[in-house]
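Below: the structure, in structure tokens.
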Ligand SMILES: [Zn+2]
Ligand SMILES: [Zn+2]
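Chains as they are written, first to last, in full-length UniProt numbering: chain A, 1 to 303; chain B, 1 to 476.
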């Protein structure tokens with residue numbers, strides 16, 4: 001419930017808020033959340049949790065939120081009608097307090113849900129803290145359950161989190177940033193509204209295999225140029241659609257390459273190449289990333 | 001090969017128009033059935049038919065791959081004014097579209113990534129065009145770009161056509177674009193200038209456009225432009241028929257054309273008269289219009305989808321989902337609606353052709369029946385449209401805001417209302433999607449923008465006429 005935090009009142013019963021549809025008061029309980037997800041029939045269901053921004057200094061409230069999330073998990077498990085065909089994921093809370101996170105991991109792992117999500121992150125905390133929390137959690141999680149870090153989408157975050165032992169992610173960023181005219185590429189994020197792209201007739205990203213970037217003479221390809229994306233960025237929704245197609249392709253391809261590297265036992269080399277493309281000088285690597293990667297035995301500076 | 005499986009062409013295709021059937025009533029030719037073929041790119045358009053309208057080179061909300069995959073129309077109208085703005089900070093740069101590399105095929109297609117088999121019709125101005133306060137001069141038309149009003153010399157427009165190589169080009173016309181009828185003095189001037197410009201257009205030099213030329217016919221009485229029209233008829237239909245068609249800004253002139261200028265009869269007639277309702281389309285067809293550029297398809301409304309519609313949107317999605325997407329301002333909602341609207345309009349035209357193939361009487365009977373069944377004016381749409389942009393219209397004094405605020409108050413606290421204004425760091429977003437482009441916020445609508453937001457279902461065949469689900473949104 002992090003996105004509605006400011007608009008909601010949280011009690012033991014559930015979350016109260018006003019309907020964005022007609023302004024009427026709504027109460028979302030763990031039970032109601034399950035019944036909604038049961039009727040939608042999603043393959044993965046998320047428990048209702050109590051989330052604070054990780055940077056909240058209120059330790060007491062943070063503990064209350066973590067413990068309440070565990071109690072709500074119990075209520076979700078009881079209310080879940082289709083455990084045979086829909087997979088409930090618990091959501092680990094506890095802010096940036098590693099001990100609290102560990103405690104939450106132990107409690108939730110004991111409930112034996114099919115998958116495990118790490119929640120509450122990506123709320124403005126320092127990247128070092130973020131990595132420490134992910135590492136502290138993945139260390140305690142069982143090998144054979146998918147680990148899902150919620151709200152993660154920057155390519156660097158994905159690669160580092162995979163290195164720290166996470167499996168799945170979701171984020172609005174690649175598509176939202178597309179709507180703002182930004183292309184995600186192996187060389188970084190390019191703002192297509194910039195004048196330098198007005199006469200750039202190359203693809204959004206050289207070598208990209210997405211339907212926008214491949215030349216128009218290939219099957220199912222459009223041969224979109226940066227100049228055309230620039231022409232309509234922030235003007236026509238089509239540019240947003242095109243960048244969305246490209247950005248989602250980029251993210252999926254990044255994870256495809258990560259899987260390939262893991263299978264080939266070449267993951268450290270993959271990580272090094274990824275960061276090298278983003279920071280060609282090899283000096284300005286972000287320290288949070290070098291630190292986190294070193295903790296799992298990947299040295300970005302290794303030649 | 002492009003995504004529609006055609007070779008990339010670098011020259012506009014040669015065009016032929018065949019009249020398959022033209023009814024004759026009271027001595028004049030009326031509703032007609034024809035076929036427009038563009039050789040080389042394998043595009044055949046059975047007429048009566050319509051072309052879509054683009055905005056800044058795109059069929060609104062539809063990516064070029066979906067234009068090939070899901071739209072029934074095989075052509076669209078593009079406006080040069082959508083491509084030649086001069087951003088303040090880069091006022092000296094030449095428009096990027098003129099530098100489209102030849103490797104991308106015909107430059108207009110290459111720049112916009114439209115499939116090369118998709119017929120492009122290029123005009124100087126959008127449809128409908130924003131009237132320019134300064135008006136035109138003897139050698140230039142006033143245009144309205146996304147960065148404001150600009151003067152486009154007619155010679156520059158002609159050069160642009162030769163550089164961009166649209167399949168069909170419409171030479172400049174001296175139009176007022178206003179809601180009122182021009183005075184007779186102004187009308188005479190319009191005809192004189194347009195006549196001068198057509199002479200300039202066809203001067204034999206190395207920049208003579210190779211596109212098929214559809215000469216403009218002005219929205220003024222025949223008696224005011226007969227000299228210009230006679231030139232079209234006598235000078236431009238003789239040797240190798242340089243004139244490929246007519247672009248009518250008012251279809252009511254057709255009876256006069258039929259009567260006075262039989263040389264022009266074999267030419268396809270494209271109506272740019274922006275028919276505001278299907279009734280107007282039918283009426284123009286019965287006058288003898290072959291092709292339309294239809295502004296009203298570009299849509300957003302949550303009117304219920306048509307029963308039994310076979311379009312992609314209707315066969316893959318429930319109405320409720322589209323309704324949800326539209327109320328949530330999800331771009332996909334507009335895309336699906338657009339695909340549906342095109343399918344409905346295409347079916348409407350297919351029905352018209354089918355009826356015309358039976359007989360002119362069958363067509364007139366069906367038209368009368370259609371008239372009896374459908375409301376002449378259509379109810380106002382209730383749906384949310386994408387945010388209107390500055391290049392869509394120009395504000396007038398004292399008018400309300402064109403765009404509604406993104407969100408109403410959502411939470412208990414005042415600041416909650418700012419939900420939609422988040423993500424500042426990323427800058428402005430596209431139409432009503434995430435953010436608000438502040439610069440355009442205060443613009444409101446003036447002029448004659450009339451949009452049918454949702455269209456008729458069913459067909460106008462001899463037997464069946466579908467139920468109406470049309471809705472018109474008329475601003476002001
Ligand atoms: Zn791409
Ligand atoms: Zn449909």
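Heads up, the beta-carbon is just placed ideally off N, CA and C, and yes, glycines get one too.
Bear in mind the structure is a predicted one, so any value in this text is a computation, not a measurement.
Interface flag for residue 240 of chain A against chain B is set, since a Cβ pair is found closer than 8 Å. Secondary-structure assignment with DSSP links residue 21 of chain B through a beta bridge to B:33. Between the alpha carbons of residue 59 of chain A and residue 294 of chain A lies a distance of about 30 Å. When secondary structure is reduced to three states using DSSP, residue 55 of chain A falls in the coil class, being assigned neither helix nor strand. Two segments are said to touch when three or more pairs of C-beta atoms, one from each, lie closer than 8 Å; by this definition the region 276-288 of chain B does not touch the region 145-155 of chain B. Residue 206 of chain B sits exposed, since fewer than 16 C-beta atoms from the chains shown fall within 10 Å of its C-beta. In the three-state scheme derived from DSSP, where H, G and I count as helix and E and B as strand, residue 212 of chain A is classed as coil. Residue side-chain check: residue 340 of chain B places its Cβ nearer than 7 Å to a non-hydrogen atom of ligand 2.
With respect to the C-alpha of residue 275 of chain B, the residue from B:345, B:310, B:317 and B:144 having the closest C-alpha is B:345.
Residue 27 of chain A counts as exposed, since fewer than 16 other beta carbons sit within 10 angstroms of its beta carbon. The CB of residue 81 of chain B never comes closer than 8 Å to any CB in chain A; the least such distance is about 13 Å. In this chain, the beta strand (DSSP E) harbouring residue 120 of chain B covers 119-123.
In the DSSP annotation of this structure, the continuous segment of the alpha helix (DSSP H) that includes residue 196 of chain B starts and ends at 184-201. For the 8 Å CB-CB criterion, residue 96 of chain B and residue 199 of chain A form a contact.
Per DSSP, reduced to three states, the secondary structure at residue 175 of chain A is helical. Taking the CA atoms as reference points, residue 320 of chain B sits about 12 Å from residue 313 of chain B. Not a single C-beta of chain A is nearer than 8 Å to the C-beta of residue 124 of chain B.
Boundaries of the beta strand (DSSP E) around residue 189 of chain A: 188-191. Under the Cβ criterion (8 Å, minimum of three pairs), the region 32-51 of chain B counts as touching the region 349-358 of chain B.
Per DSSP, the continuous alpha helix (DSSP H) segment holding residue 254 of chain A begins and ends at 237-263. Residues of chain A with a Cβ closer than 7 Å to the Cβ of residue 90 of chain B are, in chain order, 195. For the region 117-141 of chain B, no residue has a beta-carbon sitting nearer than 7 Å to a beta-carbon of chain A. Cβ atoms of residue 75 of chain B and residue 118 of chain B come within 8 Å of each other, at about 6 Å.
Distance between residue 201 of chain A and residue 83 of chain B, taken at the CA atoms: about 15 Å. Per DSSP, the unbroken beta strand (DSSP E) holding residue 213 of chain B starts and ends at 212-217. The C-beta distance from residue 68 of chain A to residue 12 of chain A rounds to 7 Å, short enough to meet the 8 Å contact threshold. For residue 274 of chain A, there is no enclosing beta strand (DSSP E); the enclosing alpha helix (DSSP H) covers residues 267-278. Collapsing the DSSP output to three states places residue 43 of chain B in a strand. Where residue 291 of chain A is concerned, the enclosing alpha helix (DSSP H) starts and stops at 287-295. Contact residues of the region 265-291 of chain B toward chain A are absent (C-beta to C-beta distance below 9 Å).
The Cβ atoms of residue 211 of chain B and residue 248 of chain B lie no closer than 8 Å to each other. By the 16-neighbour rule on beta-carbons within 10 angstroms, residue 341 of chain B is buried. Annotated as distal: residue 188 of chain A and residue 173 of chain A, with beta-carbon spacing of 8 Å or more. With a 10 Å radius around the Cβ and a threshold of 16 neighbouring Cβ atoms, residue 77 of chain B comes out buried. Selection A:142, A:40, A:292 and A:176 evaluated against residue 133 of chain A yields A:292 as nearest (Cα-Cα). Within 7 Å of the C-beta of residue 347 of chain B there is not a single heavy atom belonging to ligand 2.
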